[in-house]
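Notes to accompany the following structure.
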Amino acid sequence: MRFGIIGTNVISGGFVRAAKKVPEVALHAVHSRKTQSAERFIERHLDGAEPVKIYTDIESLARDKEIDAVYVASPNALHCEQAVLLLNAGKHVLGEKPSATNVSELERIYAAARQNQRCFMEALLTTHMPNYKVLKEQLHRIGVPRKYIGQYCQYSSRYDLYKQGQSINTFMPEFSNGALMDLGIYPLSPVIDLWGVPDKIQANSLFLDSGVDGATDLLLDYADKQASISCSKISNGHNITEIQGELGRIEIDFVSFIKKIRLYLNDGTVENLGVEQDLDIMRYEIEHFVQLIKRGSIESDINSWSFSQSVLSVIEQARKQVGLVYPGDNR
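Everything in the sequence shown is counted per our numbering, starting at 2 for the first residue and increasing by one.
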């Protein structure tokens, strides 16, 4: 299965490393705005055994009949238009999270996938990990769930450049970026998967001068339980996510990777629940995506369209509360 990649950032490099471990996948092309960026990416991440095409024009990539599927890892604001273009060109699309700026854009992507009978899946890697399966299997042991506390606070490697006055994509509203979209989706997604859409959402954000959120907190109210989500690109956190029940709690190290899971019961029981995972953690979602294509499915049963839409709908409601608006919201 021949893949193209849009984007030459860190996460694209992670995709390549993981894809090398999936026998069905071969990298056929790389798209970047600059040829030099694509050349450096290929030199850094590929061994040169197979020739890889370079595209600076996405329409040309879409017309390449040798490409079966495309991994879209461009800035968030570009995800929708690029996914729709590729689906209409007959490509399967694995779209980096969040799949779109808002629910309206997401519905456009789904419509194109249906019309062209091509697979589209959001590349949210957490839900595919072996440790996430363990979490769901063991969750009953904490009894009636009452509270979820999720955190992803990571000082951005680009923040110092932003403070020096440079225009950095990850802090610019025209790219639909910021703490909630880029990081908050990780601790938010599991609680939506486990408990569904909340009855009430309360949001609070700390804005940067560029107009995006440097940090955001969410409070999610359910009928018999509550969740809090904290994310930041301008400070570091301990990044422990905790699910509390009436019989105990489960702690998760670094919810985006689910590195470790620990169980603490009220009776004093302490257990390490985690299993060994591949260090190239994107491998699991790539394997699942490939299997979807092989069996002719256009939608994942793990990262389903309704699941992705539910998560994005909560993010969109939170953004409206705090006044976080992107250009894509006005189209």
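Virtual Cβ for every residue (Gly too), placed ideally from N, Cα, C.
{"query": "Run of the beta strand (DSSP E) containing residue 28, from where it starts to where it stops", "result": "27-32"}
{"query": "Whole-angstrom distance between residue 177 and residue 168, CA atom to CA atom", "result": "14 Å"}
{"query": "Residue 330 (DSSP reduced to helix, strand or coil)", "result": "helix"}
{"query": "Test item: CB-CB of residue 258 and residue 213 under 8 Å", "result": "no"}
{"query": "Cβ shell of residue 275 (< 7 Å), same chain only, five flanking positions each side left out", "result": "132, 135, 261 and 262"}
{"query": "At least 3 beta-carbon pairs within less than 8 Å: the segment 117-124 vs the segment 144-157", "result": "no"}
{"query": "Exposure of residue 233, with buried meaning 16 or more beta-carbon neighbours within 10 Å", "result": "buried"}
{"query": "Top-ranked residue by Cα proximity to residue 52, from 295, 4, 207 and 130", "result": "4"}
{"query": "Residues of its chain near residue 1, where Cβ-Cβ distance is below 7 Å and the 5 sequence neighbours each way are ignored", "result": "Residue 1 is absent from the structure shown; the chain starts at 2 and stops at 332."}
{"query": "CB contact check: residue 274 to chain C, cutoff 8 Å", "result": "Note that chain C does not occur in the displayed structure, where there is just one protein chain."}
{"query": "Residue 264 vs residue 142 beta-carbon contact at 8 Å", "result": "yes"}
{"query": "DSSP state of residue 97 mapped onto helix, strand, coil", "result": "strand"}
{"query": "Endpoints, alpha helix (DSSP H) assigned at residue 287", "result": "284-295"}
{"query": "Where the beta strand (DSSP E) through residue 221 begins and ends", "result": "214-222"}
{"query": "Cβ distance (whole Å) where residue 92 is taken to contact residue 63 below 8 Å", "result": "7 Å"}
{"query": "Burial state of residue 103, where buried means 16 or more other Cβ atoms lie within 10 Å", "result": "buried"}
{"query": "Closest residue to residue 203 among 316, 127, 106 and 248 (Cα-Cα distance)", "result": "316"}
{"query": "Counted within 10 angstroms of its Cβ, other Cβ atoms place residue 67 as buried (16 or more) or exposed", "result": "exposed"}
{"query": "Inter-residue Cα distance where the pair is residue 199 and residue 117", "result": "33 Å"}
{"query": "Candidates 327, 296, 236 and 230: closest to residue 242 by CA position", "result": "230"}
{"query": "Where residue 218 falls, given that 16 or more other Cβ within 10 Å makes a residue buried", "result": "buried"}
{"query": "Terminal residues of the beta strand (DSSP E) in which residue 153 lies", "result": "146-154"}
{"query": "Among 29, 21 and 18, the one whose alpha carbon lies nearest that of residue 6", "result": "29"}
{"query": "Beta-carbon contacts of residue 300 that lie in its chain and below 6 Å, excluding the five residues immediately before and after", "result": "306"}
{"query": "Rounded straight-line distance, which links the Cα of residue 227 to that of residue 192", "result": "10 Å"}
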